[in-house]
Every structure is written in structure tokens, then in C-alpha cells.
Amino acid sequence: MNGKIHVAIIDDGVNAGFLNTQLLYNVEIAHGDVEDGRTLNHGTLCAAIVQTYFPDAIISSVKIMNHRKGNATQLCAALDWCVKHGVQVANISLGSINYRDRSMLREAVNDAAMAGLIIVCAAQNGGLLTYPASFANVIGVRCDHSGILTAGQYTYDAELAFSSGIDFIAFAKHELVGAAGEAVQCPNSNSYATPLITAHICKVLQQSKAVPSIEQLKHMLHKYSYLPIQDTKLPVMRYGHPDWIRRAYVFIEECAISSKAPYYFQTQCEAQPSGDKVAAIIEQAILREREQQDTALEGGQRVCDLTDTIVLLGEMEPVSLQEVEQLASRYGKHVVYISKNQRHTPSLNFSSCYLRWWQQEEGLFMAQEETSSIEDSRIPHICIYYDKGIDIIYFLHELRGAFARDEYQSWIAVDQSAAVLHDMEYTLPLDASNGLQELLYNAGKMAYNAYTDIAILCVKAANTEDCTKERVLLGVDIELSLLVKVETEGIYISIRTEQGYLKEWVLSNLNAGDIGGIYTYLEQLLVD
53 MNGKIHVAII DDGVNAGFLN TQLLYNVEIA HGDVEDGRTL NHGTLCAAIV QTYFPDAIIS
113 SVKIMNHRKG NATQLCAALD WCVKHGVQVA NISLGSINYR DRSMLREAVN DAAMAGLIIV
173 CAAQNGGLLT YPASFANVIG VRCDHSGILT AGQYTYDAEL AFSSGIDFIA FAKHELVGAA
233 GEAVQCPNSN SYATPLITAH ICKVLQQSKA VPSIEQLKHM LHKYSYLPIQ DTKLPVMRYG
293 HPDWIRRAYV FIEECAISSK APYYFQTQCE AQPSGDKVAA IIEQAILRER EQQDTALEGG
353 QRVCDLTDTI VLLGEMEPVS LQEVEQLASR YGKHVVYISK NQRHTPSLNF SSCYLRWWQQ
413 EEGLFMAQEE TSSIEDSRIP HICIYYDKGI DIIYFLHELR GAFARDEYQS WIAVDQSAAV
473 LHDMEYTLPL DASNGLQELL YNAGKMAYNA YTDIAILCVK AANTEDCTKE RVLLGVDIEL
533 SLLVKVETEG IYISIRTEQG YLKEWVLSNL NAGDIGGIYT YLEQLLVD
């Protein structure tokens, strides 16, 4: 690869005078005061760190902030600019902790990653979940608080990568020297750890014959890190969320429970084949899509990107899973396997292709970074119990939309692993956990780290007694039950608060209007 690597510093601007170099591009998406060449602003220090550890960097500045403030729309525009102007690596020493920005940023990140842009992003210094740093298609970075790492060093943190998407911990207290010989000491901040990883990525790219995938790049970085983990499957085989999907083939096993709620991604096709024909139908779909793309190219038409992921819903025979795995390896597809009881360990051949295989882990709630006390920012909690006859994911999708229309962002965890396909969290079923109170406590921690307005935990209840057996639930503002009543052919709804029972009624079904009515009642209780 060419010895020079094009790096964009997406920040508050870069003063080329301190770097003693020319910027290839100097663009402003956020217009504001023009800094003079003597100002050592945030973006200038980030650029200087990249240049210090990788002098062959060609630097461009994409200014999206004024006075340390910007927004997600500007960041999305900056990523699009990078793709259109041949940037190879984007250094983003900033991010959003606002849960409402998540969907917009995820789409922009996945589009940019598909186009070949490598995105390196800092986590929030307070330990809150940060976007886009937490996404699978981004290399997330935080600084070293232990004092173990020295100048130029970084390490991989498997637990942190799985729980929050922050892949690497890096040295941040760099000693920089400007063009005029002035010395600058950087503070220990995630912002200044990130450009070090950017510089190391540039070194990897410079030595590579072809542009590596994000998975391959993480493997390469891990190989040269301080104290690398001796496990060939790390660091990229385990992800907390399959948030990389842009377009997927979805195959639903006959007995699998599916929802009419929309997926968070586009679907190329959705089918319900018999178990022994899944691999054959998947291959037909892949070849059909490639043929359509070739035809479009020959006709000079605009070509869409190929589907990136195969989604399997329901239990599958081991032989069928192996066949799907072989197909995924052959055609370069990631796999998401949603199964209640079955687990599949991909072969070394699949791992060597640097592809992702996602399935639910034994437990959802992993260790989080240390943050401020949760009690300092009390989030309302709603606990929902539902019957097996309820399309709970559709109910939650509509409920979330109702909250969003009133400018409330809801964090939702439900004990169905398919929830991750609908932009919700997966939590353990009650019978696999240590009780509802523990689930509530862990959900509260995760919702706090996500910086959301409302936390909703949803668990299946076999009957009314299951709903009421844990009568005293600490920290729950509202309990909502949704139960199928066979004798009345309706759905029994009950709502109660910490102060006691409030309301119950029966609905014939749960359509969007009915769910809107339930939301109105919940919103009134939360406001009052």
C-alpha cells in the first residue's frame, strides 16, 4: 500500500502551524470562529499525536464542533465527507452519550465502514455508553487508568470490548513538540488515547498489501499490543450486539417465534424453509443477488451493496449449521443465530475468514466501566410481565415509538434473544437468572450507562401468580401485566405502581391504537 495514509481529524479544527505541515483538506461542517495558528485546541493535539507516532500521515481537518459542542447530524455529514474524499482512517476523539442519536450514528457508521472507511473513536471519559465508539464497525478506545502502559503502548480488553464495545486501552499522556519547539503534555484522557490507536492503524495499513477488514485489522492490532491474549479467537469473535447489519437474509425455522415488528436493518429476503434445505436456499439467494448486481452493472445502473449478514431464527440441526457456516465463509457473510437453547461454535476456518458469528451469551449483563452513582440520576423503571401468546417485541416497538414521539428515549431489555434484531437488549429468562430483583438492578445499571430517559425490563410470566409472586420490587415505578385470557378470548391488562394496584381491563387484541392507549396511561403515571 502507498506509504502515505490519509487521516481525517473530525474535531474542532486543526492548526497546521503547530504541526509544521500542510493540511490536505481543511473543511468546516460547523462554522464558527477561526482559530489562530497559535491555539492548541483539541483537534490540533489529536493531529499532533497521530503525526508523532506516524509521520507519514496526510492530515485533513473536518471541523464539526465549536466551543466543544457539536451534534450527531454534523458527525454523520463528516463521515460521508470522508468517504467521498478518499480518507482511509477517521479519528474521532468525541462522541454522543445521547441514546436518541444511536440509530442515526449506527446507520452512518455502517455505511461508511461498508465503503472502506476505518473509524477510530474515543469513549466518553465518565464511562457512559458512547456512540459511535461502542459500535462493532468502530474501533473504540479509552485511556489507561492503571499507569501500566508507557508511551506508544496499548492493550486489548476482552471484557470491556464485549460489554461496551470499547476494544483497546491506550497510553494518553503524550509529550508533544510543536513546530516552534514548544513542549506540550497531554492529560490522561480518552481523547488523546484514540490518536495513538489511529497511528498504529496507519502503520498496519502501510505494511498491508490490501486494505484489511475491520475484523482483520482488530486481529492485527491485538497481535502487536501490550500483553496480547493468547487465544486465536480473540479479539473479534464475541460482540455484545450484532449492530453491524445493513442488509440481511432472514431465515425463520418453522417453530420459531417471530414478530411483526420491523427489523432495525434492511432485508434482502425473508423465508421459512425446512431445516434440511436452509443452506441450499441461502446459496440460491446469494447467487441471485450477485446475478442481479452483475446485470445492473452491465446496464450502467446504480448498484446496491451486497447483503452482509445471514440471520437464522430458530433451532437448527448441527449439520445444517455447519453447511450455513461453510456458505458464510465462502461468500464472506456474517451470521446471527437466534436460538433459545442451542449453541454453535464456529470452526477455525470460519474464524480465519475474519467473519462475525453472533449468538446470545449465557448472560447479558457484563461488567461496565465505573461511572457516577446511579442514584445521582434516577431513571424511571417499568417492569412488564407478558404471556407467551403476546407478540411482546411488537408491543415494545410500538411503546418505544410512543415514548419517542413525546421526546422520551426508552431503553428496553426483554428475555427474547430476537430482540437484538429490533434494536432492543436481550436479558436472561427468569428461570436462568438469580431472580427478578437482580435483573432489575442490572438493567438499571445498563440503562444508566446508556443515558436514557426510561428503563423497561420485560420478562415472560406463565400465569398471574408469576406476575405477583415478587410483590415488593425495589426501584420499580410501574408494573404492567399483559396476559392472554382464554375464557374471554382477550388480553388482560393490569397496571400498578409502588403505591399499589391502580387499574385493570381487557382488550380484544393489542393493535397500535391499543398500545397507544396504554402508553398514555403510563406517561400520565410517570409525569404525576
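Using the numbering used here, read the sequence shown as starting at 53 and increasing by one per residue. No residue lacks a Cβ here, since even glycine has one placed at the ideal position from N, Cα and C.
Residues near residue i in its chain [Cβ-Cβ closer than 6 Å; skip 5 each side]
| i | result |
| --- | --- |
| Ala160 | Cys128 and Leu131 |
| Ser424 | The pLDDT assigned to Ser424 is 45, lower than 50, so where the model puts this residue is not dependable; a value taken from the coordinates is nonetheless given after this. Excluding residues within five positions, none has a Cβ falling inside 6 Å. |
| Ala188 | Tyr291, Asp295 and Trp296 |
| Val387 | Ile362, Ala380 and Trp409 |
| Glu556 | Ser546 |
| Asp518 | Confidence in Asp518 is poor, its pLDDT being 49 and thus under 50, which makes the residue's placement unreliable; the coordinate value appears in the next sentence. Hits under 6 Å: none found. |
| Tyr315 | Leu473 |
Coil, strand or helix - residue i by DSSP
| i | result |
| --- | --- |
| Tyr571 | helix |
| His252 | helix |
| Ala300 | strand |
| Glu343 | helix |
| Ile149 | coil |
| Asp63 | strand |
| Arg408 | coil |
| Asn118 | strand |
| Gln320 | strand |
| Ser546 | strand |
| Ser113 | strand |
| Ser215 | helix |
| Ile101 | helix |
| Val330 | helix |
| Leu349 | helix |
| Phe187 | coil |
| Phe402 | helix |
| Asn72 | coil |
| Ile338 | helix |
| Val472 | helix |
| Leu509 | strand |
| Tyr244 | helix |
| Val558 | strand |
| Ala210 | helix |
| His433 | strand |
| Leu482 | helix |
| Val579 | helix |
| His58 | strand |
Residue interval of the alpha helix (DSSP H) (run including residue i)
| i | result |
| --- | --- |
| Asp163 | Arg154 to Met166 |
| Glu377 | Pro370 to Tyr383 |
| His274 | Ile266 to Lys275 |
| Ala454 | Ile444 to Arg457 |
| Gln176 | Per DSSP, Gln176 belongs to no alpha helix (DSSP H) and is neither H nor E. |
| Gly496 | Leu488 to Asn501 |
| Ala465 | No alpha helix (DSSP H) holds Ala465; the beta strand (DSSP E) holding it covers Ser462 to Val466. |
Same chain, Cβ closer than 7 Å to residue i, neighbours up to 5 away in sequence not counted
| i | result |
| --- | --- |
| Ile116 | Ile62, Ile81, Ala82, Gly122, Gln126, Leu127 and Ala130 |
| Gly65 | Glu87, Asn93, Gly95, Ser113 and Lys115 |
| Leu180 | Ile149, Thr423, Asn501 and Tyr503 |
| Glu305 | Gly327, Leu365, Gly366, Glu367 and Met368 |
| Asn240 | Cys195, Ala224 and Lys225 |
| Leu279 | Thr207 |
| Gln378 | none |
Start-to-end residues for the beta strand (DSSP E) that takes in residue i
| i | result |
| --- | --- |
| Val135 | No beta strand (DSSP E) holds Val135; the alpha helix (DSSP H) holding it covers Ala124 to Lys136. |
| Glu305 | Run containing Glu305: none; DSSP gives neither H nor E here. |
| Asn78 | Asn78 to Glu80 |
| Phe106 | No beta strand (DSSP E) holds Phe106; DSSP gives it neither H nor E. |
| Asn143 | Val141 to Ile144 |
| Ala235 | Ala235 to Gln237 |
| Leu532 | Ile530 to Lys537 |
| Ile362 | Thr361 to Leu365 |
| Thr504 | Unbroken run through Thr504: none, as it is neither H nor E. |
| Val388 | His386 to Ile390 |
| Glu227 | Glu227 to Val229 |
Integer-rounded CB distance, given that residue j should sit under 8 Å from residue i
| i | j | result |
| --- | --- | --- |
| Ser265 | Tyr406 | 5 Å |
| Asn150 | Tyr500 | With 8 Å as the limit, Asn150 and Tyr500 do not qualify as a contact, their Cβ atoms being about 14 Å apart. |
| Val139 | Leu169 | 6 Å |
| Phe303 | Ile334 | 7 Å |
| Tyr301 | Thr359 | 6 Å |
| Ala165 | Ala174 | The Cβ separation is near 17 Å, so there is no contact. |
| Tyr183 | Leu157 | 5 Å |
| Ile249 | Val172 | 5 Å |
| Gln412 | Ser469 | 4 Å |
Contact set for residue i: own chain, Cβ-Cβ below 8 Å, skip 5 residues either direction
| i | result |
| --- | --- |
| Leu534 | Ile436, Tyr437, Tyr438, Asp439, Ile442, Ile444, Phe447, Ile543, Tyr544, Ile545 and Leu562 |
Any C-beta of chain B under 9 Å from that of residue i
| i | result |
| --- | --- |
| Asn240 | Looking at the structure shown, chain B is missing, and only one protein chain is on hand. |
Query raised in the report: Is the segment 376-385 in contact with the segment 331-345, if contact means three or more CB pairs nearer than 8 Å?
Result: With a cut-off of 8 Å, the segment 331-345 and the segment 376-385 count as touching, because enough Cβ pairs lie within range.
Requested in this report: Kindly confirm or deny that the segment 386-397 and the segment 240-258 touch, where touching means at least three C-beta pairs closer than 8 Å.
Outcome: No, the segment 386-397 is not in contact with the segment 240-258.
Query raised in the report: Should the segment 440-454 be called in touch with the segment 301-314, which here means at least 3 C-beta pairs below 8 Å?
Result: Put simply, the segment 440-454 touches the segment 301-314. At least three CB pairs are less than 8 Å apart.
Query raised in the report: Is the segment 320-330 in contact with the segment 464-475, if contact means three or more CB pairs nearer than 8 Å?
Result: Not touching, per the Cβ criterion.
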